[in-house]
Amino acid sequence: MVKTPVRFTLNGQETGLFIDEAANLLEALRRGAGDLTPKQGCAQGTCGTCTVLIDGEPRLSCITLAQSVEGTHVETTASLGRGEMLAPLQQAFIDGFAAQCGFCTPGMLMAATALLRRNPNPSRDEVIEAISGNLCRCTGYEPIVDAILEAARSGGAAGTRAGHG
Amino acid sequence: MVSVESYANAREAAAALTPTARYLGGGTLLMRAVNYGDQSFDRLVRSPDPALRMIQREGDGVVIGAGVRMVDVINHADTAFLSAAARGVGGPAVRNAATVGGNLLAPHPYGDFATALLAMEASVHMADGTAHPVEAFLAARDSMPGLITHVRVPVSQASRLLFMKVSRVKPKGVSLLSIAASVPRGGSRLSGVRLAFGAMGPTPLRAKAAEAALEGANLDEAGLAPALSVVNEGLAPADDALASAWYRREVAPVYLKRMLLEARGW
Amino acid sequence: MTTIEFRKDLFADERDDNLNEIGKPKLRQDIVGHVTGRSPYYDDHLFEGLLHMRCVRSPHHHARIRAIDYTRAEAMPGVVRIVRPQDVPHNINTLLSLINFGRDDEALLQPDKVAYKGEPVAAVIATSERAARDAVAAITVDYEVLAHVLDLDAALAPDAPIVNETYPNNTFDYHERFDHQKLRFGDVDAAFAQADHIVEDSYQMSPIEQAPLETCGAIAAPETNDRYVCYTGTQALFFSLGTTAKLLDMASSRLHFIGGTVGGGFGGKVDSLHEPLAVLGAMLTGAPVKFCFDREEEMQVGAPRGAERWHIKDGVMNDGRIVARAFTGLFDAGAYTRLSSYAIVKATGHLPGPYTIPNIASNVYCVYTNRTPATAMRGFGITGVDFAIECHMDQVAERVGADPIELRLINAYRDGDMKAHRRSAKNTALIECCQVAAQKAQWALSPQMAALSSLQGGGEGWRAQIPATPTDAVGQIGERRRQTVPLEPGQHGAPAGQVPAGQAGETVHAAPPQREDMQVAPERIGHRTAATPGYPASPGPQRSTPVVPPAHAPAYASASPSPRGTPAAPATRTFASPTPQPPPPLQASPAPALQDLSLQRQPPPSSPSSSSPSSSPLRTTGYQPLPPYQPQPAHHRPAAGGPGTSASNAPAASTASTTPPSPAPSPPPSTASPPTAPSGDGPASDAYRPEQPFQRGVKRPGVSRFISGTRRR
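Protein chains in written order, with my numbering: chain A, 1 to 165; chain B, 166 to 431; chain C, 432 to 1144.
Below, the structure is given as structure tokens:
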């Protein structure tokens, strides 16, 4: 089967992959680049757990054509924190019990990262709007909203290594 | 298996479209079809043509490229009057991908932005140079070949666009229905109202009987009553997982009244 | 901001607030994995050359498969293997066969007749998911569409289409005798006749999809030592392991299952369909294979919480006391049993809700329809009937003009009250919940109601008694196919018998614990027994006077609160004690309290003081009734597979009346009859005694001989 090359920056690293022509970005990241942090919940753009940042914008990797990210900067949850050191946003999720099964968490974190970079002091409504495309079946959202607000108070975006885009 | 082809401009891309090819815009609907193994096409056609992504004033209207995304509509000064409708589409990540052209082709219950274009009596322009009123385009979209390059939305200081989306999940949920109305500015007497409903039929539909009943009506409960009683004429809601056709017909006049009365005094 | 208010003033003496862990905030052990995206869900394992498996699914609710044409798919690029029903080594199963409940009724890949929309009939394994999807689309199935039934009541009509050939009456067979699960406690008909009001209504609940964010799935791959590793999102790893071993006819020791990280389950990941398919794929191709639902499959095919329809009839006195309550429940199992049969047993054990009502009857039906098979979801078996009960309580309050909260308080159960399943209520708290809820809602309660306590007045007089209970034999298996039979419990001709008040026939004994540290307090097990452990004869059709408690029976605030654990109610002191007693009669059902009472329709013994009341002629085969529970773990363990096991081969009580027991010991596992044998195929020879744990070498009917061990508790 003929594969198509695609080159982009993944979490600051130059990345080149050979992919199926119509492969989606989620598949390319997970099985191509081996970054398993974005999850597949629906493959139809409704659940948000595959959310990644493309040039700083939150995007749904499952409905993004992989070859369309040629030349862009892609960021996933793997970019948050470093080693044992967690980003304030991650720490806020831990402290606020903002994850139960954890499956929506990577998408929530990326949607929140995009928000906090754009708007370091969001209102509660702005947080709710920012994660409105991310479904969670366990928590009822409130702890997640609280955690994002807490991360904003404690300098959430600062620890997320902004600036690739 | 699906192949992907890229063409320099919209005209070439349009020429490459065959019955088993689809033009890939934002991908919010088409990549889902690819992921789920839709057997009706095996080629994706793309184009980086910058003309597809332009927003510009043109005479008494604004031209919006088919590849313009909802987030672009929200952020651009010339399309501010459409931002409420653009905000009604999906969550932030979807709005960073979904395009104006794609929304015109979105099947029920999607198409909130197209509903606004319908109320604005916009025109749809194709790569072959032809243009169609939105209403005619929507009626024929399933059988219409070609590629949309842009829409042209007439802008008048004398009127403004009201938009309301009704969904079970807030702030992001699929529409039970959406309502867009172009209404005259100021004054308490209505005239030239254009009224469109989304998710109340296979495509966004005009409620022309209600439009006629609103002509010359006062913007108050009594004035709206005749229009509310005929609002479902011309609409064809269906049962789906979100609501029954009966429910949609029942609540359509309720929400229309609410939206119009809230607009009083603007 | 979410806040939790702890009401530590309630039941304060029952709790130790100085524990090291309990009551203290604790970080989830998996939370760092979650926030770094590194928690290993089943799909988070990379395999070189991973293959993808997808199913060909029925577009019809009900259809016979005439033929399947695979030729186009077989020739398609990327297709590695087509999996047909005949590729499944043991293509019939029911999930609860692992605990010996119900008959195998569902194929992994359906060879003959599909019974719900989306039922799999074949599968494709290909090099990419898209190639598998394309091949599935290229497989054409010739269906003969059959009439289908989607409504519960319609499925019970005599001429309804047969959904599930294993249960041709469209109902699960309970205790091999009835088409429903019975519960009888007291005499509802007589109590209805004395009630001031009869309040009846029906309630129903639609199916609910659990919709976990991670869809169901598994990846399996050949491993060293001739094993298969399987990463799975299951909620029930050992269900999945046992089911896979059975369907693939393979020793479970060859399966290396890895789970525990579940992207949301809520009950929807208990049905083990993915692991057997993934492992089968790995067996057939020798390569790693992933099988998972996409979102549409999760919604259409993934087993939901099933629909339920309930009818409740209450007899109510003017002062709000509910003196009788009758339930008729219909559970929509969908096309196959899965967990619905068990949900009903659970529901029946819950009746009549958190209330003390002296006369209760219930008939609950596990009904097969051409809908997606139903399964577990959060509190399943309970949620639907609780919804019905609480709606009904409001209806009753309205009818008798009572305050809805006070109505609940008047009828609330309390510590020491006898429940309909014949166990004493403990740690009750409905009264306190209602009082706090009323307070929060600023809902005024009368001083008398505000002073009630779950610790006071429970178990007094009639509240602790098992009343005399008429029994009936209505609703035999298959009866409904021939004629219309009333669904609801109650007066349908003369009663078939009567279980006298406080009878001893219900006494059962829990299995000995496996370890000493698992021993439970004696008062927590067993049933209340009569003073005379006999079987007083009064099975005739005459009715006794129903228990209709006198007004003010609850004796509000009459006694001082007693700490739990030392119930004030004298009645509870007669609970089965650990002291050895004369051998009680056998009652071998795993859910004895729910066993239909009419099984005790043997002619009454001539002597009412007989110490072994049900020792009918059946008890002539060397069977030694179990002594009551004694805290000696090894006491009842039979020798593994030896002749000594004959004692454990007595048939279960529910089959004893129709099938003579066989004294022969179980055959060794290697010569056991095929696991497909339905339960009618000699339960005696297959006898399996659930009350005796760790029977080594005893063949469980319907279960693969390759599953290690027997039953574990």
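Backbone N, C-alpha and C define an ideal beta-carbon position, used for all residues, glycine too. Since this is a predicted model, take the numbers as computed values, not measurements.
Worksheet item: Under the rule that 16 or more other beta-carbon atoms within 10 Å means buried, what is N794/C, buried or exposed?
Response: buried
Worksheet item: Under a CB-based cut-off of 7 Å, is S205/B close to chain A?
Response: no
Worksheet item: Whole alpha helix (DSSP H) runs in the region 99-133 of chain A with 4 or more residues, listed along the chain?
Response: 105-118, 124-130
Fill in: Cβ-based burial, T915/C [other Cβ within 10 Å; buried from 16]
exposed
Discussion item. My output table needs one value for R809/C: the three-state DSSP class, helix, strand or coil.
Written reply: coil
Worksheet item: Shorter than 7 Å from the beta carbon of R564/C to some beta carbon of chain B?
Response: yes
Worksheet item: S61/A and L25/A look like a contact to me (Cβ under 8 Å); what is the Cβ gap, rounded to whole Å?
Response: 4 Å
Worksheet item: Roughly how many whole angstroms lie between the Cα atoms of D461/C and C138/A?
Response: 15 Å
Worksheet entry | Nearest-angstrom beta carbon gap, R830/C and V630/C [assumed within contact, 8 Å] | 5 Å
Discussion item. So, under 8 Å CB-CB, V127/A and I94/A are touching, yes? Tell me the CB distance rounded to an integer number of Å.
Written reply: V127/A to I94/A, Cβ: 18 Å. No contact.
Fill in: Where A622/C sits in the DSSP three-state scheme
helix
Fill in: G56/A: contacting residues in chain B (beta-carbon distance under 9 Å)
Correct list: empty, because the minimum Cβ distance to chain B is about 10 Å.
Worksheet entry | Terminal residues of the alpha helix (DSSP H) in which W411/B lies | 410-427
Worksheet item: Where Q216/B and I239/B are concerned, what is the direct C-alpha to C-alpha distance, given to the nearest angstrom?
Response: Note that residue 216/B corresponds to Ala in the displayed sequence, not to Gln. Using only the alpha carbons, I get a separation of about 19 Å.
Discussion item. Less than 7 Å between the beta carbons of A755/C and F623/C, yes or no?
Written reply: yes
Worksheet entry | Among L135/A, P143/A, G140/A, R153/A, the one whose alpha carbon lies nearest that of G116/B | Past the boundaries of the shown model lies residue 116/B; chain B is included only from 166 to 431, so the question cannot be answered.
Worksheet item: Are the C-beta of A158/A and some C-beta of chain B separated by less than 7 Å?
Response: Bear in mind that a pLDDT of 46 at A158/A, under 50, signals an unreliable position, so the number given afterwards is only what the model happens to contain. For A158/A, the answer is no, since every Cβ of chain B falls outside 7 Å of its Cβ.
Fill in: Alpha-carbon to alpha-carbon, D834/C and Q870/C
14 Å
Practice prompt. Establish whether the CB of V199/B and some CB of chain A are separated by less than 7 Å.
Written response: yes
Practice prompt. Return the chain-ordered ranges of every beta strand (DSSP E) run that is complete within the region 674-712 of chain C and spans a minimum of 3 residues.
Written response: 686-689
Worksheet item: How big is the Cα-Cα spacing for Q887/C and G454/C?
Response: 27 Å
Practice prompt. Ignoring anything shorter than 4 residues or poking outside the region 202-250 of chain B, list the alpha helix (DSSP H) runs there in chain order.
Written response: 235-240
Practice prompt. Could you spell out where the beta strand (DSSP E) holding S633/C opens and where it closes?
Written response: 628-636
Discussion item. Since R197/B and G45/A should fall inside the 8 Å C-beta cutoff, what is the C-beta to C-beta distance between them, to a whole number of angstroms?
Written reply: 6 Å
Worksheet item: For the candidate residues V580/C, N449/C, N531/C, whose alpha-carbon lies nearest to that of A764/C?
Response: V580/C
Discussion item. Please report the straight-line C-alpha distance between P520/C and L918/C, rounded to a whole angstrom.
Written reply: 40 Å
Practice prompt. Quick one: using the 10 Å Cβ neighbour count with 16 as the cut-off for buried, is D846/C buried or exposed?
Written response: buried
Practice prompt. Flag this pair as yes or no: are the beta carbons of G41/A and P88/A separated by less than 7 Å?
Written response: no
Item to complete: Confirm, please, whether the CB-CB distance from E645/C to F18/A is below 7 Å.
Response: no
Worksheet entry | Coarse secondary structure for T902/C, derived from DSSP in three states | strand
Discussion item. Does any residue of chain C have a CB that is nearer than 7 Å to the CB of G255/B?
Written reply: no
Worksheet item: To the nearest whole angstrom, what separates the beta carbons of T806/C and D725/C, a pair I think is in contact under 8 Å?
Response: Not really, about 19 Å apart at Cβ, beyond 8 Å.
Worksheet entry | T859/C versus G12/A: straight-line alpha-carbon distance, rounded | 59 Å
Discussion item. Taking only three categories from DSSP, how would you classify Q168/A?
Written reply: The structure shown does not extend to residue 168/A, since chain A is modelled only from 1 to 165, so the question has no answer here.
Discussion item. If I measure Cβ to Cβ from A377/B and keep anything under 7 Å in the same chain, skipping five residues before and after, which residues do I get?
Written reply: none
Worksheet entry | Interface residues of chain B facing A568/C [CB-CB closer than 7 Å] | G202, Q204
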